[in-house]
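> Numbering (this note's numbering), first residue to last: 515 to 754.
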Ligand code: SAM
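#1: Does the segment 549 to 558 touch the segment 700 to 708, meaning 3 or more C-beta pairs lie closer than 8 Å?
#2: Measure the CB-CB distance between residue 696 and residue 751 and report whether it falls below 8 Å.
#3: Report the rounded CA-to-CA distance for residue 545 versus residue 729, giving the unit in angstroms.
#4: Shortest alpha-carbon distance to residue 623 belongs to which of 658, 635, 632 and 606?
#5: Would you check if the segment 630 to 641 and the segment 658 to 670 touch, i.e. whether three or more CB-CB distances between them fall below 8 Å?
#6: My guess is that residue 599 and residue 714 are in contact by the Cβ rule of under 8 Å, so how many angstroms apart are they, rounded?
#7: Where does residue 629 fall in DSSP's three states?
#8: Within 10 angstroms of the Cβ of residue 691, are there 16 or more other Cβ atoms? Answer buried if so, exposed if not.
#9: What I want to know is whether the C-beta of residue 615 ends up closer than 7 Å to one or more non-hydrogen atoms of ligand 3.
#10: So for residue 706, helix, strand or coil by DSSP?
#11: Verify whether the separation of the beta carbon atoms of residue 531 and residue 651 is less than 8 Å.
#12: Assign residue 698 to one of three DSSP states: helix, strand, or coil.
Dropping the structure here:
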């Protein structure tokens, strides 16, 4: 007897993400690729009950289910993953595309700690791939014995994206050095730019200056080429 089709459902966010990424451009394509990125998951009432996270501190990693709230609601059966150069088309359910039915995302992230006080409950996370303000729909502890499958076939995404050499020029270094978070921001800049945030169809050297927003700065960079190898150079770091 086929099950009746499920009617549309309403989901209520349990909280939201505060992250180092004010907008989508430059955010790593998956979690763990920039572990210098710090984030907080702020639970909202009535889900901000400390009882709801009792025991969670005993897990080092969490699944975060969230809404790609900056993606359009419309979806198409075929998408063009950046990993395939932005031209080849593949089924949306064979991808981790941000443009998908119901706009649901899931990320496996490291839990650094849980803060509960009068202002509520906040989870300190590491290495997220989520834009600041992302609505969170669910949290689950990660169970490697059930979910880690190193033997799995991984289609068109067999390994992390390649990394490019990144250099921060003297003027940008000087701007960085004046900041109290200089070390962690420097690490974040290197980790984010190494993944070449430019659109997939842009490769090799370019005159164009790009800007990636991280925390409260705009990191301006360009792509250079040395003996056939592309590298990125940070030319300016501007407070925004
Ligand atoms: N790990 C998740 C998954 O597999 O469902 C997300 C993968 S998706 C390719 C990661 C990208 O989503 C980031 O590079 C960023 O550009 C985008 N993104 C992050 N937060 C978003 C949001 N709230 N709305 C729309 N896009 C978002």
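Backbone N, C-alpha and C fix where the C-beta goes; we use that ideal spot for every residue, glycine too. Please read these numbers as outputs of a predicted model, since none were measured by experiment.
On the basis of the data shown:
#1: Contact between the segment 700 to 708 and the segment 549 to 558 is present, because at least three Cβ pairs lie under 8 Å.
#2: For the purposes of this step, residue 696 is taken as residue 182 along the chain shown, with counting starting at 1. For the purposes of this step, residue 751 is taken as residue 237 along the chain shown, with counting starting at 1. Not closer than 8 Å, so no.
#3: Along the chain shown, one-based indexing puts residue 545 at 31. Along the chain shown, one-based indexing puts residue 729 at 215. Rounded to whole angstroms, the gap between the alpha carbons of residue 545 and residue 729 is 17 Å.
#4: Residue numbering aside, residue 623 sits at position 109 when the chain shown is read from its first letter. When each option's Cα is compared against that of residue 623, the closest is 658.
#5: Contact between the segment 658 to 670 and the segment 630 to 641 is absent, because fewer than three Cβ pairs lie under 8 Å.
#6: Taking the first residue of the chain shown as 1, we reach residue 599 at position 85. Taking the first residue of the chain shown as 1, we reach residue 714 at position 200. The pair is a contact, with the Cβ atoms about 5 Å apart (cut-off 8 Å).
#7: Taking the first residue of the chain shown as 1, we reach residue 629 at position 115. When secondary structure is reduced to three states using DSSP, residue 629 falls in the strand class.
#8: As a working note, residue 691 is residue 177 in the chain shown. Looking at its Cβ environment, which holds fewer than 16 other Cβ atoms inside 10 Å, residue 691 is exposed.
#9: With respect to small molecules bound, the structure shown includes ligand 1 and not ligand 3.
#10: What you label residue 706 is simply residue 192 of the chain shown in a count that begins at 1. In the structure shown, residue 706 sits in a helix (DSSP, three-state: H, G or I).
#11: Within the chain shown, numbered from 1, the residue matching residue 531 stands at position 17. Within the chain shown, numbered from 1, the residue matching residue 651 stands at position 137. With contacts defined as CB atoms closer than 8 Å, residue 531 and residue 651 fail to qualify as a contacting pair.
#12: Here the question's residue 698 lines up with position 184 in the chain shown. Residue 698 falls in the helix class under three-state DSSP.
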